[in-house]
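Colleague:
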Amino acid sequence: MPPEAPAPVVSAGGKGWRAASRNGLFFWPALSLVLSLSVTGLLWQDARESADKDLQLDFDAQATAMVARLHAELATRELLLRGFAGLFKASDHVSREDFRHYYEILPADLREGSATSVAFHQQVAAADLPAHEESMRRAGFPDYRVFPPGARATYAPLVYIEPLHETNRRVIGFDPLTVEVERLAIARARASGDLALSARLVLAQDNGTRSPGFVMYVPIYKSVSAPRNEAEREAAFVGWLDAPFRMSTFMAVLPHDALRNIDLQIFDGRSTRPEALLYDANTGVHQDAELPGLRVERELGFGGHSWTLVFRSQPGFGGAAPYQKAQFVAAVGVLLSVLVCLLSASLINGYNRRMRAEYRRHKAAEQAVQDAERQRAEAALRESEARYQFLFRHNPMPMWVFDRETLAFLEVNDRAVEHYGYSREEFARMHIADIRPAEEVPALLELVGSASVREIRREWRHRRRDGSLITVLTNVEPMVYAGRPAMIVLIQDITARKAAEAEVNTLAFFDPLTGLPNRRLLIDRLQHALATVARVGGEGALLLIDLDNFKTLNDTLGHDIGDLLLQQVARRLQHCVVDGGTVARLGGDEFVVVLESLGRDGLSAAAEARKAGEAVLAALIQPYQLGAYSHLSTPSIGIALFDRQQETDSLLRQADLAMYQAKAAGRNSIRFFDPAMQAAVTTRAQLEADLRDALAKDEFRIFLQAQVAADGRIIGAEALLRWFHPLRGCVSPAEFIAVAEDTGMILAIGDWVLEAACACLAAWAKQPATAELTLSVNVSARQFRQTDFVPSVLAVLARFAVAPTRLKLELTENMLVDDVEDVIGKMSALKAEGVAFALDDFGTGYSSLSLLKRLPLYQLKIDQGFVRDILCDANDAAIAKMVIALARTMGLSVLAEGVELDAQRDFLAHHGCDAYQGYLFGCPQPVEDFTARFAAG
1 MPPEAPAPVV
11 SAGGKGWRAA
21 SRNGLFFWPA
31 LSLVLSLSVT
41 GLLWQDARES
51 ADKDLQLDFD
61 AQATAMVARL
71 HAELATRELL
81 LRGFAGLFKA
91 SDHVSREDFR
101 HYYEILPADL
111 REGSATSVAF
121 HQQVAAADLP
131 AHEESMRRAG
141 FPDYRVFPPG
151 ARATYAPLVY
161 IEPLHETNRR
171 VIGFDPLTVE
181 VERLAIARAR
191 ASGDLALSAR
201 LVLAQDNGTR
211 SPGFVMYVPI
221 YKSVSAPRNE
231 AEREAAFVGW
241 LDAPFRMSTF
251 MAVLPHDALR
261 NIDLQIFDGR
271 STRPEALLYD
281 ANTGVHQDAE
291 LPGLRVEREL
301 GFGGHSWTLV
311 FRSQPGFGGA
321 APYQKAQFVA
331 AVGVLLSVLV
341 CLLSASLING
351 YNRRMRAEYR
361 RHKAAEQAVQ
371 DAERQRAEAA
381 LRESEARYQF
391 LFRHNPMPMW
401 VFDRETLAFL
411 EVNDRAVEHY
421 GYSREEFARM
431 HIADIRPAEE
441 VPALLELVGS
451 ASVREIRREW
461 RHRRRDGSLI
471 TVLTNVEPMV
481 YAGRPAMIVL
491 IQDITARKAA
501 EAEVNTLAFF
511 DPLTGLPNRR
521 LLIDRLQHAL
531 ATVARVGGEG
541 ALLLIDLDNF
551 KTLNDTLGHD
561 IGDLLLQQVA
571 RRLQHCVVDG
581 GTVARLGGDE
591 FVVVLESLGR
601 DGLSAAAEAR
611 KAGEAVLAAL
621 IQPYQLGAYS
631 HLSTPSIGIA
641 LFDRQQETDS
651 LLRQADLAMY
661 QAKAAGRNSI
671 RFFDPAMQAA
681 VTTRAQLEAD
691 LRDALAKDEF
701 RIFLQAQVAA
711 DGRIIGAEAL
721 LRWFHPLRGC
731 VSPAEFIAVA
741 EDTGMILAIG
751 DWVLEAACAC
761 LAAWAKQPAT
771 AELTLSVNVS
781 ARQFRQTDFV
791 PSVLAVLARF
801 AVAPTRLKLE
811 LTENMLVDDV
821 EDVIGKMSAL
831 KAEGVAFALD
841 DFGTGYSSLS
851 LLKRLPLYQL
861 KIDQGFVRDI
871 LCDANDAAIA
881 KMVIALARTM
891 GLSVLAEGVE
901 LDAQRDFLAH
911 HGCDAYQGYL
921 FGCPQPVEDF
931 TARFAAG
């Protein structure tokens, strides 16, 4: 269906107006009559409802009064039984004469009320039954026996009953425990110690021949005080008092006219089924159907049991008086409605006569306008409908229209039915979300719900009736369909095209056997890696892996087994290489791994490349399960490092040469392309291994170099780390400090140096000659950046009981450029405790004066590179003088390093240098030798 055309305009002079003029005489009077009668009907209905409510209230009140009367009668009989119970509690033994006497002194209305009698049942154990029966026979009942007969653990025979006429005399000895409903009520009374009412039954006196009734039970106990729990009640229990009632007699307590025009049914319990009927005031009236009129249900609960009382009004209930007001309202309303109708007809008739003349004047003009507009609208509508239907139904591609709010399909063309497999009836019950995978539905809802959407061209996945998924390109435009916002969709199935593109891409760039990138994609990835290195710096590595003796495996076990090995090798390589590395199959049994960003310099990159190669080597030498064969294979790995200057072809050749060097070295090994780099990597790896053992083997020592004041006094020393290896001898810090920094071992080494320095200060504090000396300790950048640096330094000082003022920490300028606020915070925290800071090698780094003034420093140290040529190089002399002047200006101490000549010291002293350090005052010494200088002095 096309978009709806606008309705034609009908002017005041058209047929509609003429019809309105002609029919107005009837419409408005009729409308006034209908409205007046409607108001009359509402008022009459309100009067009827008011009368009905009054009747209902009266009916409810009478029902409530009858329920209250029945409840009061039951309460009266309860008091009667409790009076007899009090007789038993007040006496050790109540004889038959006592029982009769108490009954006879009761008021006549209690003796002649709704209960047929009052009886006492004695509890008798099975063992005591013969003695009990013999006792009763001696008491004047020669034919006495407990009935119904039968063996039971406990009996409850009726022994006293008043009045003792012939009918009641027949039930002496009757055991109510043999009747289910009585046994349940008796058990309830005994367990609770309170009154209990039985369910519906026929009294034993009536032998099943009279109307239903019920029995009221009260348990009797020996004790005067009420038993507090079930055990006490069981011990004090004597028997039961009961009062049987016939419903016909019981209901006589209601006033004589209480049930006039009211029908009452009483049901045992909460059910109103016929078998639960206990009493019916009008027997047989309710057998066929419910009678019309008022109805109310009441529940009467007493003695742990309940009745359902159903009250129904009879036709004569309430009479006709309550409805007289409604009848009066109806009569007056009808009369007024007719008068209003006649008045309206008269007014409308006059109005119509005036309007007819006006109508005739405009008739011709209005008719012409109406006809022309209608014809244009109808022609446009027919043209639009035909064009839309032709394009929609005969389109060779699937099309449909769906509701923009409910997403329900509104119309589909034949091609959509054919292509998707759903019938038109199925489409009519579906929504557009039904043919889409669940993960695409949120995007669809967001797109359709956008108020600004005008045209949508997008790829989606659709699900056909057979469950298959297809990829489609949809063109969607908004429209109005049958007055509702909708969208029309043109679908192009591009599944085959997508599959072809994916297959072409896979064949072009991936190895079909292993699924790894092939040589073509490898070259692309390698070029990307080289471009990345050129852009951000650093170095990467290319690992060429060749499987040893692979041809032998192929020749002996076949190419199928060889293919299995290649597939498993590919999987292991993928597990080894993470973090952006590329694994590719170069061809045959050769694989390539490309690693980026291994380090900022060649040595670091080579170390990381070797680690990666060792990981690959360890993974590939594990046994392989190739079908029924277990196979061991070893690789030969060639590594070529690359930076921004390499070409892909030359890099592959270099790795290939290195791989053949690995094979020549005996296979199952790793070789670097550069022999010098190979040697350097091997040396570094061994140095790293030895360095890891140095702390454990106690191979480190600290040497001290004196720091001297301008007057020649030794005021302290700098702690310098030395490593004494059993084979390497004394290893220079220049060789191992960088390795320690790269591997993180500098943290443990730095902690050891700090502890050794504090141990030295603790020993010095005990000697007056050395107690005032300070000791400078160099701190690495990695160590200083630790979050717990401050507390760890203070903890070491506290452990060795060293005054913080004796410790001086030396920092380099390059440490200060990262996270300046953190640096200042840590320095300030330690300075607050007394620790001093010196800026080592000042002038060789990148610190600024603006940063320098913020640092809580104690001392600047002139680097020995400026001191060495201070006498012959004007630039070095100028720098030294500038540092001294800067320190003076900022209130800092200044110390010159590398002082070896008296002339150097004199030059520095002349320009105001405070302290000196260098071979002129002594070379670095072991702690013992340095301390001995003071003992000797």
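Once you know that position 332 of the sequence shown is 332 in UniProt numbering, the rest is easy, because the numbers rise by one and skip nothing. C-beta: ideal position from N, C-alpha, C; glycine also.
#1: To which residues of the same chain is Phe-509 closer than 7 angstroms at the C-beta, ignoring the five residues directly before and after it?
#2: Using only the alpha-carbon positions, how far apart do Arg-572 and Leu-617 sit?
#3: Any idea if Leu-42 is buried or exposed, counting beta-carbon neighbours within 10 angstroms, 16 or more meaning buried?
#4: Determine the direct distance from the alpha carbon of Leu-595 to that of Val-578, and round the result to whole angstroms.
#5: Could you compute how far the alpha carbon of Gly-538 sits from the alpha carbon of Ala-609?
#6: Does the beta-carbon of Asp-288 have 16 or more other beta-carbons within 10 angstroms, so that it is buried, or is it exposed?
#7: Just to confirm the assignment, what range does the alpha helix (DSSP H) spanning Glu-813 have?
#8: Considering only residues of the same chain and omitting the five flanking positions on each side of Gly-13, which have a CB-CB separation below 6 angstroms?
#9: On the DSSP letters alone, give me the boundaries of the alpha helix (DSSP H) that Arg-415 sits inside.
#10: What are the boundary residues of the alpha helix (DSSP H) that includes His-132?
#11: If I measure Cβ to Cβ from Leu-110 and keep anything under 8 angstroms in the same chain, skipping five residues before and after, which residues do I get?
#12: What does the Cβ neighbour count give for Ile-105, buried or exposed, with the cut at 16 atoms within 10 Å?
#13: Considering just the uninterrupted stretch of the alpha helix (DSSP H) at Val-441, what are its terminal residues?
#14: Is the stretch 299 to 316 touching the stretch 178 to 195, taking contact as three or more C-beta pairs under 8 angstroms?
#15: Using C-beta distances below 6 angstroms, list every residue in its chain close to Gly-918, excluding the 5 sequence neighbours before and after it, in chain order.
#16: Less than 6 angstroms between C-beta atoms, sequence neighbours within five positions excluded: which residues of the same chain meet that for Asn-778?
#17: In three-state terms, what does DSSP make of Ala-289?
#18: Specify, as a first and last residue, the run of the beta strand (DSSP E) that Gln-265 falls within.
#19: Taking Asp-841 as the reference, which of Glu-813, Pro-856, Leu-598, Glu-821 has the closest Cα?
#20: Going by beta-carbon coordinates alone, are Ala-605 and Ala-541 separated by less than 8 angstroms?
#21: In the DSSP assignment, what are the bridge partners of Asn-475?
#22: Please classify residue 939 as buried or exposed, where buried requires at least 16 neighbouring CB atoms within 10 angstroms.
#23: In three-state terms, what does DSSP make of Ile-523?
#24: With a CB to CB cut of under 8 angstroms and the five nearest residues on each side skipped, what residues in its chain are close to Ile-884?
#25: What are the uninterrupted segments assigned as beta strand (DSSP E) that are 3 or more residues long and contained completely in the stretch 91 to 126, given in chain order?
#26: Within 8 angstroms of any Cβ in chain D, is that where the Cβ of Leu-617 sits?
#27: Distance, Cα to Cα, Phe-930 vs Val-731?
#28: Run through DSSP, which three-state label would Lys-861 get?
#29: Reducing DSSP to helix, strand and coil, say where Gln-646 ends up.
#30: What separation, rounded to the nearest whole angstrom, lies between the Cα atoms of Thr-770 and Ala-619?
#31: Can you tell me whether Asn-505 is buried or exposed, with buried defined as 16 or more other CB within 10 angstroms of its CB?
#32: Could you tell me if Ala-486 is buried or exposed, where buried requires 16 or more neighbouring beta carbons within 10 angstroms of its beta carbon?
#33: Kindly list the residues whose CB is nearer than 6 angstroms to the CB of Arg-585, restricted to its own chain and excluding five residues on each side of it in sequence; keep chain order.
#34: Where does Gln-654 land, buried or exposed, given buried means 16+ other C-beta within 10 angstroms?
#35: For His-725, which option in Met-745, Leu-691, Gly-716 has the closest C-alpha, if you only look at C-alpha atoms?
#36: One question on the structure: do Leu-407 and Ile-435 come within less than 8 angstroms of each other, judged by their Cβ atoms?
Modeller: Taking the definition as stated:
#1: To locate residue 509, count along the sequence shown from 1; it is residue 509. Once the five neighbours on either side are set aside, the close Cβ partners of Phe-509 are Pro-517, Asn-518, Arg-520, Leu-521.
#2: One-based indexing of the sequence shown puts residue 572 at position 572. One-based indexing of the sequence shown puts residue 617 at position 617. Their Cα atoms are separated by approximately 10 angstroms.
#3: In the sequence shown, the residue the question calls residue 42 occupies position 42. Exposed is the call here.
#4: By one-based count along the sequence shown, residue 578 stands at place 578. By one-based count along the sequence shown, residue 595 stands at place 595. One C-alpha to the other measures close to 9 angstroms.
#5: Indexing the sequence shown from 1 puts residue 538 at position 538. Indexing the sequence shown from 1 puts residue 609 at position 609. Their Cα atoms are separated by approximately 13 angstroms.
#6: Residue mapping note: residue 288 aligns to position 288 of the sequence shown, counting from 1. Unreliable positioning characterises Asp-288 in this predicted model, as indicated by a pLDDT of 43, which lies under 50. The coordinate reading is nonetheless provided below. Counting Cβ neighbours within 10 Å, Asp-288 comes out exposed, since fewer than 16 surround it.
#7: Mapped onto the sequence shown, residue 813 falls at position 813. No alpha helix (DSSP H) holds Glu-813; DSSP gives it neither H nor E.
#8: Position 13 of the sequence shown, counting from 1, holds the residue named residue 13. Low confidence applies here, because Gly-13 scores a pLDDT of 46, under 50, leaving its location unreliable; read the following figure in that light. Taken in chain order, the residues that qualify are His-362, Lys-363, Glu-366.
#9: Residue numbering aside, residue 415 sits at position 415 when the sequence shown is read from its first letter. 414 to 420 is the extent of the alpha helix (DSSP H) around Arg-415.
#10: To locate residue 132, count along the sequence shown from 1; it is residue 132. Note, His-132: alpha helix (DSSP H), 129 to 138.
#11: By one-based count along the sequence shown, residue 110 stands at place 110. Cβ neighbours of Leu-110 beyond the five flanking positions: Thr-76, Leu-80.
#12: Counting from one through the sequence shown, the residue named residue 105 turns up at place 105. Per the 10 Å Cβ criterion, exposed.
#13: Along the sequence shown, one-based indexing puts residue 441 at 441. 441 to 449 is the extent of the alpha helix (DSSP H) around Val-441.
#14: yes
#15: One-based indexing of the sequence shown puts residue 918 at position 918. Correct list, in chain order: Gly-898, Val-899, Glu-900.
#16: Position 778 of the sequence shown holds residue 778. Cβ neighbours of Asn-778 beyond the five flanking positions: Glu-810.
#17: Along the sequence shown, one-based indexing puts residue 289 at 289. Because the pLDDT at Ala-289 is just 43, under 50, the model does not fix this residue reliably, and the value given afterwards should be weighed accordingly. Three-state DSSP puts Ala-289 in coil, outside helix and strand.
#18: Against the sequence shown, residue 265 aligns to sequence position 265. 262 to 268 is the extent of the beta strand (DSSP E) around Gln-265.
#19: Indexing the sequence shown from 1 puts residue 841 at position 841. Checked all of Glu-813, Pro-856, Leu-598, Glu-821; the closest Cα to Asp-841 is Glu-813.
#20: Counting from 1 along the sequence shown, the entry for residue 605 is found at position 605. Counting from 1 along the sequence shown, the entry for residue 541 is found at position 541. Contact flag set, yes.
#21: As a first step, residue 475 must be located in the sequence shown, where it is residue number 475. Note: Asn-475 sits in a beta bridge opposite Arg-457, Leu-490.
#22: Beyond the ends of the chain as shown, which are 1 and 937, falls residue 939; an answer cannot be given.
#23: Indexing the sequence shown from 1 puts residue 523 at position 523. Note: Ile-523 maps to helix in three-state DSSP.
#24: In the sequence shown, residue 884 corresponds to position 884, counting from 1. Ile-862, Val-894, Leu-908, His-911, Gly-912, Cys-913.
#25: 118 to 122
#26: No chain D appears in this structure, which consists of one protein chain only.
#27: The residue labelled residue 930 in the question sits at position 930 within the sequence shown. The residue labelled residue 731 in the question sits at position 731 within the sequence shown. Answer to the nearest angstrom: the Cα atoms are 21 angstroms apart.
#28: Position 861 of the sequence shown, counted from the first residue, corresponds to residue 861. Looking at Lys-861 - three-state DSSP - the assignment turns out to be strand.
#29: Taking the first residue of the sequence shown as 1, we reach residue 646 at position 646. If DSSP states are grouped into helix, strand and coil, Gln-646 belongs with coil.
#30: Residue numbering aside, residue 770 sits at position 770 when the sequence shown is read from its first letter. Residue numbering aside, residue 619 sits at position 619 when the sequence shown is read from its first letter. Thr-770 and Ala-619: Cα-Cα distance of roughly 59 angstroms.
#31: On the sequence shown, residue 505 is found 505 positions in, with the first residue counted as 1. Exposed is the call here.
#32: Counting from 1 along the sequence shown, the entry for residue 486 is found at position 486. Buried is the call here.
#33: Residue mapping note: residue 585 aligns to position 585 of the sequence shown, counting from 1. Excluding residues within five positions, the ones whose Cβ falls inside 6 angstroms are Asp-511, Thr-514, Leu-516, Phe-591.
#34: Within the sequence shown, numbered from 1, the residue matching residue 654 stands at position 654. Under this definition Gln-654 is a buried residue.
#35: In the sequence shown, the residue the question calls residue 725 occupies position 725. For the residues Met-745, Leu-691, Gly-716, the minimum Cα distance to His-725 belongs to Leu-691.
#36: Walking along the sequence shown from the start, residue 407 turns up at place 407. Walking along the sequence shown from the start, residue 435 turns up at place 435. In this structure, Ile-435 does not lie closer than 8 angstroms to Leu-407 by Cβ.
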